[in-house]
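Everything on this sheet refers to the single structure shown next.
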Amino acid sequence: QDSVPEKIDYVFKVVVIGDSAVGKTQILSRFTKNEFCFDSKSTIGVEFQTRTVNIKGKVIKAQIWDTAGQERYRAVTSAYYRGALGAMLVYDITKRQSFDHVARWVEELRAHADSSIVIMLIGNKADLVDLRAVPTEHAVEFAEDQGLFFAETSALSGENVDKAFFILLEEIYGVIC
Ligand code: GDP
Numbered sequence: 008q009d010s011v012p013e014k015i016d017y018v019f020k021v022v023v024i025g026d027s028a029v030g031k032t033q034i035l036s037r038f039t040k041n042e043f044c045f046d047s048k049s050t051i052g053v054e055f056q057t058r059t060v061n062i063k064g065k066v067i068k069a070q071i072w073d074t075a076g077q078e079r080y081r082a083v084t085s086a087y088y089r090g091a092l093g094a095m096l097v098y099d100i101t102k103r104q105s106f107d108h109v110a111r112w113v114e115e116l117r118a119h120a121d122s123s124i125v126i127m128l129i130g131n132k133a134d135l136v137d138l139r140a141v142p143t144e145h146a147v148e149f150a151e152d153q154g155l156f157f158a159e160t161s162a163l164s165g166e167n168v169d170k171a172f173f174i175l176l177e178e179i180y181g182v183i184c
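Everything in the sequence shown is counted per the numbering used here, starting at 8 for the first residue and increasing by one.
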């Protein structure tokens, strides 16, 4: 542990949204702690987690917000979106319904978040290849249509999680800096 505090150039707020049980909490914990926790709801009440990364020579603190289960009650409020520069919109590649609801989440973002927010569509649980219910091409098409970035990830194996966050953070950097 370095005792000299790092100089932070920017703090980027990123929100993670999507239906419940798609893996939002696990994606966040994979990115910020490189952990997958089987007892996943132990983090309830924690509003956000952070990871400090280097983007184009700048020190960026990514402050990543979890809904902490509020999406179950459609209680994600505009306070959650306030100041967010990026959004990870997550569905589960094994649950068709979670993909069908993505359009609704995009509307929610367009209504409550800043219009310049960078959105990354994430098809999570890519490790469950035999249970796939959403073809990659459908998601690619939707993402292109809506102007979203897209990646398939596995919070379980870690596949593509860092990559997706880095693409999002670099894009945000490009938008605001
Ligand atoms: P949230 O409600 O969207 O925050 O979803 P959670 O992060 O709590 O995950 C819901 C369930 O899916 C939990 O049982 C996780 O262990 C599981 N899960 C999350 N991500 C993955 C993944 O990438 N692969 C697999 N196989 N299971 C996952």
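Ideal placement from N, C-alpha and C gives every residue a C-beta, glycine not left out. Note that the structure is a prediction, hence the values are computed from the model and not measured.
- With a cutoff of 7 angstroms, GLN104 does not count as near the ligand GDP, since its C-beta is closer than that to no heavy atom of the ligand.
- Taken in chain order, the complete beta strand (DSSP E) segments of 3 or more residues contained in the stretch 36-121 are 55-62, 65-72 and 93-99.
- The residue among ASP107, LEU116 and LYS65 with its C-alpha nearest the C-alpha of LYS14 is LYS65.
- Between the C-alpha atoms of GLU78 and LYS102 there is a straight-line separation of about 17 angstroms.
- Take VAL22, set aside five residues on each side of it, and the residues of its chain with a beta-carbon closer than 7 angstroms to its own are TRP72, TYR87, TYR88, ALA91 and ALA94, in chain order.
- Annotation for ASP26: SER105 and HIS108 place their beta carbon closer than 6 angstroms to its own, counting only its chain and skipping 5 residues before and after.
- The stretch 161-171 and the stretch 138-150 do not touch, with fewer than 3 CB-CB distances between them shorter than 8 angstroms.
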